[in-house]
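Participant:
In the numbering used here, the protein residues as written are 689 to 726.
1) Have a look at residue 694 and residue 707 and give me their C-alpha separation to the nearest angstrom.
2) Keeping to the same chain, check which residues put their C-beta closer than 7 Å to that of residue 698; ignore five residues upstream and five downstream.
3) Pull up the distance between the alpha-carbon of residue 720 and that of residue 701, whole angstroms please.
Dropping the structure here:
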């Protein structure tokens with residue numbers, strides 16, 4: 689049971705990192721497009 693709790697926290701952390709990474713890529717791409725076409 690204890691291992692399941694740890695695994696659950698790791699999965700949540702991983703998903704959170706994935707979301708943050710995608711948000712960062714979207715923001716960075718938007719910035720580049722703004723400089724190119726702004």
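Think of the CB as a built atom: it goes at the ideal place given N, C-alpha and C, for glycine as much as any other residue.
Facilitator: From the atom records:
1) 20 Å
2) Excluding residues within five positions, none has a Cβ falling inside 7 Å.
3) 29 Å
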